[in-house]
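See structure below.
Residue numbers (the working numbering): 4 to 145.
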């Protein structure tokens with residue numbers, strides 16, 4: 004009986020630590036998204052893009068369809084937002100954030116750009132922990 008209680012206690016402790024780790028991952032991704040806003044709002048597209056997976060397998064889905072690759076996505080951002088004035092001020096609102104696994108987080112949210120001509124929409128992001136760093140591997144923004 005004593006051994007069973009000890010095993011049960013160990014399992015409960017491990018589950019508690021795992022839950023804390025998962026909540027920590029959600030907080031980490033949320034903090035990264037705040038850093039992305041800050042980079043954007045300082046006119047730093049490279050800094051904004053540093054949280055995307057630097058791979059040809061990155062997927063970005065926008066109004067013009069599917070784009071593959073980090074460099075192509077960066078090029079599209081630079082073309083669409085050539086300077087700080089065109090970039091405006093970005094604001095993310097997270098509507099839903101779900102940990103799918105120890106290495107995957109799914110985020111749904113809204114974005115707003117405050118500039119001369121305001122714009123906004125919604126996004127879904129798939130974040131993955133690759134080489135111990137959280138990065139966006141798929142972004143669908145409309």
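Every residue, glycine too, gets a C-beta built ideally from N, C-alpha and C. Predicted, not measured: the structure shown is a model, and the values here were computed from it.
Please check the pair residue i and residue j, which I expect to be a contact at CB under 8 Å, by giving their CB distance rounded to whole angstroms.
i, j, result
"residue 135", "residue 93", "Rounded, the Cβ-Cβ distance is 27 Å, inconsistent with contact."
"residue 84", "residue 133", "Wrong, their Cβ atoms sit about 26 Å apart, outside the cutoff."
"residue 36", "residue 95", "5 Å"
"residue 109", "residue 116", "About 23 Å; that fails the 8 Å criterion."
Considering only their Cβ atoms, is the gap separating residue j from residue i smaller than 8 Å?
i, j, result
"residue 64", "residue 125", "no"
"residue 62", "residue 55", "no"
"residue 73", "residue 107", "no"
"residue 27", "residue 87", "no"
"residue 66", "residue 145", "yes"
Could you compute how far the alpha carbon of residue i sits from the alpha carbon of residue j?
i, j, result
"residue 91", "residue 113", "16 Å"
"residue 39", "residue 128", "13 Å"
"residue 100", "residue 140", "15 Å"
"residue 97", "residue 138", "17 Å"
"residue 111", "residue 123", "14 Å"
"residue 105", "residue 30", "13 Å"
"residue 79", "residue 41", "20 Å"
"residue 121", "residue 60", "31 Å"
"residue 119", "residue 89", "8 Å"
"residue 50", "residue 77", "11 Å"
Locate the beta strand (DSSP E) running through residue i, then write down its first and last residues.
i, result
"residue 127", "122-133"
"residue 115", "107-117"
Inside the region 33-101 only - alpha helix (DSSP H) runs reaching at least 4 residues: The region 33-101 contains these whole alpha helix (DSSP H) runs: 48-52, 73-83 and 87-90.
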